[in-house]
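A quick write-up on the structure given underneath.
Residue numbers (the numbering used here): 161 to 486.
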């Protein structure tokens, strides 16, 4: 963890101690149930992290905390805004948003505080700066855009002769547009051709997966868009069937049998978001709470998938991996 991230994390954890002097779960039992809402793409693995984090801070769903879940499968801007407004009308005190489009909708369509878990909050216009976000939103930055080049380099190590690399992305997600810029720069530096597979809905993704093959590209990068993680089982199956070497953004994909992942943990990000929720319920203003950058990234390689796909993983890459599944 960088010095800056340690400082931010220490600040957040340290100030949680002051919650007892402002408002505690015990006090909220007397005043009534606290209510938050969650805007997400379907039901995701990150929910466990949020619940666990809130429980550690004394907020227990069904006892002194009510959580309104709003999974949105068809994530058009209109649907996201409609669901965000619906959450606000249910008298919630905070909206937790998983993903950039979800966070943007919550900030634009409501007047309640927003805690987000996103890739690049400043670059996508969700916050003014990491140190002082301003406005009604704060939370956790997963730093996914900056990892695109590293993932492409990992892919080239697995497939040294790769000449065509594809990026699976959601063109409706502003973060994916920034990731595409990073991917193009990395492709130029490595001397490879970059193509894109685009999908904004589950139906579009299914069409792309049916057409995916090793002939279309020598390797695949998957963006961190919530559409893909929500459909990760189908995505993993299609990539393995095509025997297409791929790098995924989160270790949560490993549950579905993928070759390689490099990046932060969704569960860790949503767990840390719980700290922000507790502080805002205690009266803090989101715009004054520094955004925390996740700086712990893990490389996970599944040798079972490598054998199935007849891919030889370089020994030096195995040495670098945080976890090798055998």
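Even for Gly, the Cβ is constructed at its ideal location relative to N, Cα and C.
I need the straight-line Cα distance from residue 196 to residue 340, nearest angstrom please.
34 Å
Cβ shell of residue 211 (< 7 Å), same chain only, five flanking positions each side left out:
221
Rounded C-alpha distance that separates residue 256 from residue 277:
So the two alpha carbons sit approximately 8 Å from each other.
Assuming residue 272 contacts residue 253 under a Cβ cut-off of 8 Å, what Cβ separation, rounded to an integer in Å, is found between them?
7 Å
Could you give the C-beta distance for residue 372 and residue 396, rounded to a whole number, given that I count them as a contact under 8 Å?
Not really, about 12 Å apart at Cβ, beyond 8 Å.
May I have the straight-line CA-CA distance separating residue 368 from residue 294, to the nearest angstrom?
Straight-line Cα distance between these residues: approximately 39 Å.
I'd like the span of the alpha helix (DSSP H) that includes residue 342, first residue to last.
That run of the alpha helix (DSSP H) goes 334-350.
Just reading off the beta strand (DSSP E) that residue 371 is part of, what are its end residues?
Residue 371 -> not in any beta strand (DSSP E); alpha helix (DSSP H) instead, spanning 362-371.
In angstroms with no decimal places, state the Cα-to-Cα distance between residue 245 and residue 270.
So the alpha carbons of these two residues sit roughly 6 Å apart.
Tell me whether residue 213 sits in a helix, a strand or coil according to DSSP, three-state version.
helix
Report back the beta-carbon spacing between residue 461 and residue 442 to the nearest angstrom; my notes put them in contact at under 8 Å.
Their Cβ separation, rounded to whole angstroms, is 42 Å, which puts residue 461 and residue 442 out of contact at 8 Å.
State the DSSP-derived secondary structure class of residue 312, mapped to helix, strand or coil.
helix
If you compare alpha carbons, which of 218, 376, 200 and 473 is closest to residue 262?
200
CB residue 352 to CB residue 376, shorter than 9 Å?
no
Look at residue 408 and residue 394 and say whether their C-beta atoms are less than 9 Å apart.
no
Suppose the cutoff is 7 Å on Cβ atoms and the five residues either side in sequence are ignored; what does the same chain contact list for residue 331 look like?
358 and 360
Own chain partners of residue 317 with C-beta closer than 7 Å, once the 5 adjacent residues on each side are dropped
Closer than 7 Å at Cβ, skipping near neighbours: 474 and 477.
Cα-Cα separation between residue 349 and residue 422, rounded to whole angstroms:
20 Å
Could you check the C-alpha separation between residue 142 and residue 251 for me, to the nearest Å?
Because the chain here runs from 161 to 486, residue 142 falls outside it and cannot be looked at.
Of all the options 241, 468, 404 and 234, which has the alpha carbon lying nearest to the alpha carbon of residue 387?
234
Can you give me the C-alpha to C-alpha distance between residue 446 and residue 281, rounded to a whole angstrom?
Here the alpha carbons of residue 281 and residue 446 stand approximately 14 Å from one another.
Mapping the DSSP letters down to three states, classify residue 298 as helix, strand or coil.
In the structure shown, residue 298 adopts extended strand secondary structure according to DSSP, grouped into three states.
Where residue 188 and residue 439 are concerned, what is the direct C-alpha to C-alpha distance, given to the nearest angstrom?
For residue 188, the predicted structure reports a pLDDT of 42, less than 50, and the residue's modelled location is therefore unreliable. A value from the coordinates is still provided. Our two residues, residue 188 and residue 439, have alpha carbons roughly 14 Å apart in a direct line.
In whole angstroms, give me the CA-to-CA distance for residue 300 and residue 448.
In a straight line, the C-alpha of residue 300 is about 14 Å away from that of residue 448.
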